[in-house]
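Protein chains in written order, with the numbering used here: chain U, 20 to 259; chain C, 13 to 258.
The beta carbon of each residue, even a glycine, is placed where N, CA and C say it ideally should be.
Remarks on the structure that follows.
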Amino acid sequence: MDFEFSVITESLPALFEGAKLTWLITILGITGGMVCGILAGLGRIAGTESLGEKPHGIFKPISVLIRYLSSGYVELIRGTPIIVQAMFLYFAFPMLVKAVTDIERFRIEALTAAVITIIVNAGAYIAEIVRGSVISVNKGLLEAGMSLGISRFQLIVHVIGPIAIRRMIPPLGNQFIISLKDTSLFIVIGVGELTRQGQEIMASNFRALEIWLTVAIMYLIMTTALAMTLRHFERKMKMF
Amino acid sequence: MPSIIELKNVCKSFGKTEVLHNIDFAVQEGEVVVVIGPSGSGKSTLIRCINCLELITTGELIVDSIRIPAEQGRIRQIRLEVGMVFQQFNLFPHMTALENIAFGPRKARKMAKNEATEIARNLLDKVGLAEFEDKLPGQLSGGQQQRVAIARALAVNPKVLLFDEPTSALDPEMIGEVLDVMKNIAKDSGMTMVVVTHEMGFASQVGNRLIFMDDGRIVEEGKPGDVMKNPQSERLKDFLGHVKHH
Numbered sequence: 020m021d022f023e024f025s026v027i028t029e030s031l032p033a034l035f036e037g038a039k040l041t042w043l044i045t046i047l048g049i050t051g052g053m054v055c056g057i058l059a060g061l062g063r064i065a066g067t068e069s070l071g072e073k074p075h076g077i078f079k080p081i082s083v084l085i086r087y088l089s090s091g092y093v094e095l096i097r098g099t100p101i102i103v104q105a106m107f108l109y110f111a112f113p114m115l116v117k118a119v120t121d122i123e124r125f126r127i128e129a130l131t132a133a134v135i136t137i138i139v140n141a142g143a144y145i146a147e148i149v150r151g152s153v154i155s156v157n158k159g160l161l162e163a164g165m166s167l168g169i170s171r172f173q174l175i176v177h178v179i180g181p182i183a184i185r186r187m188i189p190p191l192g193n194q195f196i197i198s199l200k201d202t203s204l205f206i207v208i209g210v211g212e213l214t215r216q217g218q219e220i221m222a223s224n225f226r227a228l229e230i231w232l233t234v235a236i237m238y239l240i241m242t243t244a245l246a247m248t249l250r251h252f253e254r255k256m257k258m259f
Numbered sequence: 013m014p015s016i017i018e019l020k021n022v023c024k025s026f027g028k029t030e031v032l033h034n035i036d037f038a039v040q041e042g043e044v045v046v047v048i049g050p051s052g053s054g055k056s057t058l059i060r061c062i063n064c065l066e067l068i069t070t071g072e073l074i075v076d077s078i079r080i081p082a083e084q085g086r087i088r089q090i091r092l093e094v095g096m097v098f099q100q101f102n103l104f105p106h107m108t109a110l111e112n113i114a115f116g117p118r119k120a121r122k123m124a125k126n127e128a129t130e131i132a133r134n135l136l137d138k139v140g141l142a143e144f145e146d147k148l149p150g151q152l153s154g155g156q157q158q159r160v161a162i163a164r165a166l167a168v169n170p171k172v173l174l175f176d177e178p179t180s181a182l183d184p185e186m187i188g189e190v191l192d193v194m195k196n197i198a199k200d201s202g203m204t205m206v207v208v209t210h211e212m213g214f215a216s217q218v219g220n221r222l223i224f225m226d227d228g229r230i231v232e233e234g235k236p237g238d239v240m241k242n243p244q245s246e247r248l249k250d251f252l253g254h255v256k257h258h
């Protein structure tokens, strides 16, 4: 077996381009995923005692509706493979749009589809992380805050939020890394991310060992950077 | 003396289980009422109803002239006037002792930060923990945590303080320090207090009135000394035989 270092150096520029795209999809994806996740996670427990008192009047049916919508989203996304979601968004969704509207040339860019898929997919998992962290906060703290006459909103911001966020960090680290690695699946819709770049170089020179080793190391560097960033946040927070 | 708390024919149910049956009960301003009774008798539920942590099912509750059932905004008004100290302290674990106490004045009474901190410092001093202001709850003993919790409840300047078994989660050697703080509050500030406890010594020294509850009903009430010396019902006799005297 011969191992050619020059193969690696020659392929590095293309692989770097791929890695940049992987990084871009990941950062946009998990940022949007956090927004979706926080909304859906809180939505799943809207109007329950985990967020203070149960709602009255008109807010009662509204909170039920929000809970159902959030749960539906989480179950739908968790219950289907991400690769199917990407294919659906990229290939099937434009056809669906064409069928129900008059728009003839509707299509979604592969990169856009990739980012949206990560946002929606990570959002569903992050929703569960958010929900789990919030319901794990001792109800007694809410009662103590309410008994001081503090509003529910203030308690969510100053008590439940800070405590829940500390508990979210380890599972969020997991999810961010999973999402980063999931971007490799977008090879199927033709996004030029790291795995696809590797695949293309490999197809032209057949140097599987050098290429996939390099690709693996580049993923490892990126996941390590994510993990270290989260560790940094974890250390910076006052622990108790 | 006007009643600051009044319960008229109050029932409270959780689902199909009724835990308070037709409670009539009033507390005068400045009075210290001690509530005793076996576990499951409804003592905690009774005081949790007073500051609306539990909403009464039927009947009428009047606290500081506010009538319950009331809308959400007025419930907060009641809670500003009725503080509560919990068995499990429930201090905010991510805030220092000082921040825990200043939080109420800042957020509920909308005070400026330095004003709230000033109040918090004075109260911390009053409960004998001045040098612990920068400690997190996890760095304090149970007795110290409960003293901080009492200071926190006092910080919003309530008219009434409710205590839900404040010493039941404490090691025996820490019970005294918490009871001393409670005695001082009763004596110095003439605070109206409703205390659920098994500390019969505290009941007889500080209490103006003792209430014995069993099975969701007030079974006996009167001056603590009288009630303890001459229990009328078998249930109270039995209960008093089981509680330790400190």
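- Contacts with chain U at 9 Å (Cβ-Cβ) do not include HIS210(C).
- Looking at the backbone, the Cα of GLU72(U) and that of ILE145(U) are separated by about 24 Å.
- Not a single CB atom of chain C sits nearer than 9 Å to the CB of ILE175(U).
- Interface residue (Cβ-Cβ distance to chain C less than 9 Å): LEU167(U) is classified as such.
- Of the residues assessed, HIS254(C) falls on the exposed side of the cut-off, its CB having fewer than 16 other CB atoms within 10 angstroms.
- Here GLU93(C) is not near VAL22(C), since their CB atoms are 9 Å or more apart.
- A direct Cα-Cα distance of roughly 18 Å separates ALA142(C) from GLY116(C).
- Annotation for ASN21(C): the continuous beta strand (DSSP E) segment containing it runs 15 to 26.
- Boundaries of the alpha helix (DSSP H) harbouring GLY142(U): 129 to 154, taken from the DSSP string.
- The C-alpha of GLY49(C) is placed about 16 Å away from the C-alpha of GLN99(C).
- Interface with chain C (9 Å Cβ-Cβ cutoff): GLU253(U) is excluded.
- As the crow flies, the alpha-carbon of PHE37(C) is around 12 Å from that of PHE224(C).
- Within the DSSP bridge table, the entry for ALA33(U) names no partner.
- Spanning the alpha carbons of THR108(C) and LEU34(U) requires a straight line of approximately 50 Å.
- Shown here, ASP36(C) sits in a strand according to DSSP, grouped into three states.
- Nearest CB-CB separation between GLU229(U) and chain C: not below the 9 Å threshold.
- Beta-bridge analysis with DSSP links VAL46(C) to VAL207(C) and LEU222(C).
- The residues ILE27, SER30, LEU31, LEU34 and GLY217, in chain order, have a CB closer than 8 Å to that of THR233(U) in the same chain once the five nearest residues on each side in sequence are set aside.
- ALA163(C) is outside the set of residues whose beta carbon lies under 9 Å from a beta carbon in chain U.
- Nearest CB-CB separation between ARG88(C) and chain U: below the 9 Å threshold.
- Fewer than three beta-carbon pairs drawn from the segment 117 to 125 of chain U and the segment 153 to 165 of chain U are found closer than 8 Å, and the two stretches are therefore not classed as touching.
- Counting along the chain, the unbroken alpha helix (DSSP H) around VAL193(C) starts and ends at 184 to 201.
- Between LEU108(U) and ALA132(U), the C-beta gap is smaller than 9 Å, which places the two residues in contact.
- The shortest CA-to-CA distance from ILE16(C) to any of ILE62(C), SER53(C), GLU66(C) and ASN34(C) is the one to ILE62(C).
- Listed in chain order, the alpha helix (DSSP H) runs fully inside the segment 61 to 137 of chain C are 84 to 93 and 109 to 119, counting runs of at least 4 residues.
- Put simply, the CB of ASN193(U) is far from chain C, with every gap to its CB atoms at 9 Å or more.
- Contact annotation for MET96(C) against chain U: SER166 [CB-CB distance below 7 Å, chain order].
- ASP238(C): member of the alpha helix (DSSP H) spanning 236 to 241, first to last residue.
- Interface with chain U (9 Å Cβ-Cβ cutoff): LEU182(C) is excluded.
- DSSP places VAL172(C) in the uninterrupted beta strand (DSSP E) bounded by 172 to 176.
- Chain-order list of chain C residues neighbouring ALA163(U): MET96, PHE98, ASN102, LEU103, PHE104, ALA161 and ARG164, by C-beta distance under 8 Å.
- Contact holds between the segment 95 to 115 of chain U and the segment 197 to 214 of chain U, because three or more Cβ pairs, one in each stretch, are under 8 Å apart.
- DSSP places VAL26(U) in the helix class (H, G or I) of the three-state scheme.
- Flagged as an interface residue toward chain U: VAL168(C), by a C-beta distance shorter than 9 Å.
- A distance of 9 Å or more separates the beta carbons of VAL45(C) and LEU173(C).
- Shown here, ILE230(C) sits in a strand according to DSSP, grouped into three states.
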